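Following this note's numbering, the numbering of the sequence shown begins with 7 at its first residue and continues without gaps.
Report on the structure given below.
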Amino acid sequence: MKRFAGSTYLAVAALALMGLTVPHASAQKAVAADELPEVLGVNFAQTTGSFRGGATGTLYGFGDEGAPTPALINGARITNTSQKAPFGTQHPSGDALKVEDGFFAKGGQDMYTYVQDYYPDWAYNGGARPGDTRSYNQATGTYTNAANGIWDYLEVVELVATAVATQSDHPEKYVFIPFNEPDGGNWYANWSTMKTTFLNDWNAAYAKIQSVYAAKGLGHARIGGPGDTKWQAQRSSDILDFAKANNTLPDVFIWHELGIQELATFRSHLTAYRSLETAKGIPAIPVNITEYGMLRDMGVPGQLIQWFAMFEDEKVDAQTAYWNYAGNFSDNSARPNGANAGWWMFKWYGDLQGSTTVNLTPPQLNVADTLQGIGAVDNVNKRATVLFGGSNKDVSLDLSGLDPAVFGGKVDVEVREAAVTGAEGLAATPRVIKALDGVTVTDGKLKFDVDTYDRYAAYQVIITPEQGRAVSVDGTWSQSVEAENTALTNATAYFQDPGSLNGWKFLASGSKDVGSFNTVQSKADWTVTVPRTGTYRYQVIGSTPGVPGRHALFVDNVSNQTVQYTADLALNATSKWQYRGSAEVTVQLTAGTHVLSLRASADGTTKLPNSDITLDKFVLTDVTSGEVTAYPANTLRPFGGAKLTWGDAVLDNPSASRGSLRIQGSGQRADSYVTAWDSGYYDITTTYRTASASDLHLTANGKTVADFAPAQKGSWVSKIRVHLSQGINELELTSAAGAYVESITTTRAAASDSAAVTIEAENATLRGNAVARTLADSTGSNASGMKLVGNVGAGAANYIEIARQAKFSATGDYNMVVRYANAELSGNHAYNPQVVDRKITVGEAGNPAAAGSAFFRYTYSWNSFWERTIPIKLSTTTGALTLGNSSAYAPDIDSVTIAPVVVGSATTVPGA
Numbered sequence: 007m008k009r010f011a012g013s014t015y016l017a018v019a020a021l022a023l024m025g026l027t028v029p030h031a032s033a034q035k036a037v038a039a040d041e042l043p044e045v046l047g048v049n050f051a052q053t054t055g056s057f058r059g060g061a062t063g064t065l066y067g068f069g070d071e072g073a074p075t076p077a078l079i080n081g082a083r084i085t086n087t088s089q090k091a092p093f094g095t096q097h098p099s100g101d102a103l104k105v106e107d108g109f110f111a112k113g114g115q116d117m118y119t120y121v122q123d124y125y126p127d128w129a130y131n132g133g134a135r136p137g138d139t140r141s142y143n144q145a146t147g148t149y150t151n152a153a154n155g156i157w158d159y160l161e162v163v164e165l166v167a168t169a170v171a172t173q174s175d176h177p178e179k180y181v182f183i184p185f186n187e188p189d190g191g192n193w194y195a196n197w198s199t200m201k202t203t204f205l206n207d208w209n210a211a212y213a214k215i216q217s218v219y220a221a222k223g224l225g226h227a228r229i230g231g232p233g234d235t236k237w238q239a240q241r242s243s244d245i246l247d248f249a250k251a252n253n254t255l256p257d258v259f260i261w262h263e264l265g266i267q268e269l270a271t272f273r274s275h276l277t278a279y280r281s282l283e284t285a286k287g288i289p290a291i292p293v294n295i296t297e298y299g300m301l302r303d304m305g306v307p308g309q310l311i312q313w314f315a316m317f318e319d320e321k322v323d324a325q326t327a328y329w330n331y332a333g334n335f336s337d338n339s340a341r342p343n344g345a346n347a348g349w350w351m352f353k354w355y356g357d358l359q360g361s362t363t364v365n366l367t368p369p370q371l372n373v374a375d376t377l378q379g380i381g382a383v384d385n386v387n388k389r390a391t392v393l394f395g396g397s398n399k400d401v402s403l404d405l406s407g408l409d410p411a412v413f414g415g416k417v418d419v420e421v422r423e424a425a426v427t428g429a430e431g432l433a434a435t436p437r438v439i440k441a442l443d444g445v446t447v448t449d450g451k452l453k454f455d456v457d458t459y460d461r462y463a464a465y466q467v468i469i470t471p472e473q474g475r476a477v478s479v480d481g482t483w484s485q486s487v488e489a490e491n492t493a494l495t496n497a498t499a500y501f502q503d504p505g506s507l508n509g510w511k512f513l514a515s516g517s518k519d520v521g522s523f524n525t526v527q528s529k530a531d532w533t534v535t536v537p538r539t540g541t542y543r544y545q546v547i548g549s550t551p552g553v554p555g556r557h558a559l560f561v562d563n564v565s566n567q568t569v570q571y572t573a574d575l576a577l578n579a580t581s582k583w584q585y586r587g588s589a590e591v592t593v594q595l596t597a598g599t600h601v602l603s604l605r606a607s608a609d610g611t612t613k614l615p616n617s618d619i620t621l622d623k624f625v626l627t628d629v630t631s632g633e634v635t636a637y638p639a640n641t642l643r644p645f646g647g648a649k650l651t652w653g654d655a656v657l658d659n660p661s662a663s664r665g666s667l668r669i670q671g672s673g674q675r676a677d678s679y680v681t682a683w684d685s686g687y688y689d690i691t692t693t694y695r696t697a698s699a700s701d702l703h704l705t706a707n708g709k710t711v712a713d714f715a716p717a718q719k720g721s722w723v724s725k726i727r728v729h730l731s732q733g734i735n736e737l738e739l740t741s742a743a744g745a746y747v748e749s750i751t752t753t754r755a756a757a758s759d760s761a762a763v764t765i766e767a768e769n770a771t772l773r774g775n776a777v778a779r780t781l782a783d784s785t786g787s788n789a790s791g792m793k794l795v796g797n798v799g800a801g802a803a804n805y806i807e808i809a810r811q812a813k814f815s816a817t818g819d820y821n822m823v824v825r826y827a828n829a830e831l832s833g834n835h836a837y838n839p840q841v842v843d844r845k846i847t848v849g850e851a852g853n854p855a856a857a858g859s860a861f862f863r864y865t866y867s868w869n870s871f872w873e874r875t876i877p878i879k880l881s882t883t884t885g886a887l888t889l890g891n892s893s894a895y896a897p898d899i900d901s902v903t904i905a906p907v908v909v910g911s912a913t914t915v916p917g918a
């Protein structure tokens, strides 16, 4: 596991810019056999079917509307999800009807609903099959304790199906799951005594759902089952026999694959199931593994790719298991709007839409925790992709079948890396770590090595014909170090065994972290050499158990600043100390070698509040120039006929346009998902070509931010300064007359942050019960000034009022960034925190309509504050703004920042 860094890293970049192949580092020395790269063979001429893209399904990945945010949902391209039934009380959030709009907006295809989640307890109804002791009100979902001659659960089935049939905008896209884990303590575990009961109940539930849809004129309702906890051969055989005989076969066959060894056994289970179908004369039924993976797999790209590869190979859908709480894709996103490394694996997988998968040969198949991958080719766009991960060794990619009619005689190759950052740790846009510019392909074959970082990392390889641009290693200087590899004082490195507790744990980068950081002498010293004098972002990935905390950062033994951490999940022993997030600060460094010392004490005498924090990894990145991040055309998502082009003769200098993305006409669009480390202003620069006078329309997070209008044929660079939200932001490009987009680039423009205004909540006007509170410094809170406002909402009279100021006196679109805390729980569960998403509605005096609203997800502690952006539209120039919630409590509020979405004017100048 080698990593280019420092001057070596820059040298590699220079070689790539010159179009030279960078040799594998181990080529200069004799290599022991156990250090040889693992070989991953990909034959692009052997296709295995259309890309399905169903493995990014998620169980309770959605909380309430906007949690996760649209950018996270669409970027991850979640195609299927299982959510709580209407009227359900199993969890406080996750109602299918409440989240369907955001889910179906772009990538969402199938909404599964767990009918039994009507019940609040686990196992359902105390684990016992209900009888007839209740009478249900079908209009409200309520009941009275009185028998009425109808099986109670059949009434539940009817009210859930009716709610979907009458209230959903897309009832045809729903799949009803009448029974969830019936073999696992949910009514039918003893098959020898409960088989007949289950089969009859299956028929009854099936018939009831169909009758509801028929009565509403909706045709056939899709039903999934049986939903067993694992592959159950005998139960499955019995159910198929019975359902075939009674014409009640499920539309989707469902079971769960949980645990470590399921990575090795799933294919055999699916083969066994398909054999049952064949033997019984049943046409193939689509399969969805509606729960898969363990705690250790979530947020870890090198683990997720092993599951993705398996399910994509077999063309089945699958959903990540729900181990913690709703609204974060099963720990595959970070904070309210951020990506962790797992999210990038989802995004890369979703980028394969429209491709054809191809034969990929790993060193071992059906062995858990090994190198696995997915290969795909998109002949329309002339783009081939390999996704891989899971290896402790470097990887040798042995590619073949690169059709010269598609790719030509020379290709460009870019390799990007996503390294684990913890469940709540922010992960930047993956950067190019290896590039081959215009490398010759002989007989459709190409072979090269990739230096891997960690078995938990994953890699995206994109191969295209030679482009008009030169491909190169990303020039941004960045280095990382595992915490256990720094100089430790009064702290201990611990091995986090990925095989322990049957996978019921969270993984640490490199399988180790540093704990017992609990004395005034505790410190971790990192000696690092930086290439130039400037500003660097220092990121600490670690776990702050349930409360916010602090460390002191010393540079060359001189106190520099406080590193402030927000709280992480500490529900139980498996999350406390292991559910990792990140903290980021910027530090000024001179060129040369420095010692960055992270300490539990700032004065050597007293510990900082809640400083006993586990440390996993440190990352240092040069951000002096605004951390320019490029999103080239071959990484954008084309829709509606937009596609990569390879030298269109209608343009000047056609060869320079090779690899650009043509967008032209109604319905054609290119999407990009860009990272912002901070909420603030960024220059969004688009380079493109036109065949005549044209147009290019840009939206950011659903808001129009620019209409560029080049006046003639040519090459163009258009720029607009836009306020982006911390985390992932969704950009969309369209063009009526036509444009050939070469790249989108973002650059931090912090100087323009002065266009926004921040109001401390306690300095606003507080109405009704809203009250300011002061936190003790001992809480370790990250509240600004250690003050907040609580008791907002739970009545229309309890709100915060903000008078209009000059910087937001105009009408138009603004981003309201709210720093908030929300640690509300409702109900009990054996292992799931029953989190409540709290809502803020923004009002504007003189405007009867709400200016905007958003749900705010769980922050683990009432003293721990994150930020969430509410897009608002102001229609008056003087009306005061209000933040409240008439029906329930809003989150506690620390501060509010109001920023115009756009500052300045769009510019367009001739390009190269």
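Quick reminder that beta carbons are idealized off the backbone N, C-alpha and C, glycines included.
None of the values given here were measured: they were computed from a predicted structure.
By alpha-carbon positions, which one of the options ends up nearest to residue i?
{"i": "K709", "options": "G69, F68 and P76", "result": "P76"}
{"i": "D189", "options": "N151, T740 and K236", "result": "K236"}
{"i": "N252", "options": "D207, Q267 and G233", "result": "D207"}
{"i": "G431", "options": "S515, A499, S617 and E423", "result": "S515"}
{"i": "T693", "options": "F814, G786, M316 and A918", "result": "A918"}
{"i": "T148", "options": "Y866, E297 and V166", "result": "V166"}
{"i": "V593", "options": "T630, G67 and A648", "result": "T630"}
{"i": "Q584", "options": "G598, V591 and V520", "result": "V520"}
{"i": "V842", "options": "S867, G849 and M822", "result": "S867"}
{"i": "V258", "options": "G791, V306, T326 and F185", "result": "F185"}
{"i": "V293", "options": "H275, P307, G890 and M300", "result": "H275"}
{"i": "K529", "options": "L559, T535, F110 and P551", "result": "L559"}
{"i": "S731", "options": "T913, N707, G233 and T753", "result": "N707"}
Between residue i and residue j, how many whole angstroms is the CB-CB distance? I'm expecting something under 8 Å.
{"i": "L702", "j": "S685", "result": "At roughly 26 Å, the Cβ-Cβ gap does not stay under 8 Å, so L702 and S685 are not in contact."}
{"i": "D158", "j": "T139", "result": "6 Å"}
{"i": "T470", "j": "K388", "result": "6 Å"}
{"i": "V907", "j": "H729", "result": "5 Å"}
{"i": "E472", "j": "G407", "result": "That belief does not hold up - the Cβ atoms of E472 and G407 are roughly 18 Å apart, past 8 Å."}
{"i": "D658", "j": "G720", "result": "7 Å"}
Can residue i and residue j be called in contact, C-beta distance under 9 Å?
{"i": "T363", "j": "G55", "result": "yes"}
{"i": "F50", "j": "D418", "result": "no"}
{"i": "Y465", "j": "E423", "result": "yes"}
{"i": "G108", "j": "I183", "result": "no"}
{"i": "L642", "j": "I726", "result": "no"}
{"i": "G791", "j": "L614", "result": "no"}
{"i": "V795", "j": "R779", "result": "yes"}
Tell me the DSSP bridge mates of residue i?
{"i": "F871", "result": "Beta-bridge pairing links F871 to no other residue."}
{"i": "V915", "result": "V723"}
{"i": "T705", "result": "T710 and E738"}
{"i": "E748", "result": "DSSP output for E748 lists no bridge partner at all."}
{"i": "A636", "result": "T751"}
{"i": "K605", "result": "At residue 605 the sequence reads Arg, which differs from the Lys that was named. R605 pairs with K529 and A558."}
Quick one: is residue i near chain C, going by C-beta distance under 9 Å?
{"i": "E187", "result": "Of the protein chains in this structure there is only one, and it is not chain C."}
Residue range of the alpha helix (DSSP H) that residue i falls in?
{"i": "W350", "result": "A347 to G356"}
{"i": "D158", "result": "D158 to Q173"}
{"i": "F317", "result": "P307 to E320"}
{"i": "W197", "result": "W197 to A221"}
{"i": "P410", "result": "P410 to F413"}
{"i": "T277", "result": "E268 to K286"}
Got a sec, what are the start and stop residues for the beta strand (DSSP E) residue i sits in?
{"i": "A778", "result": "V777 to T780"}
{"i": "Y180", "result": "Y180 to I183"}
{"i": "D418", "result": "K416 to A424"}
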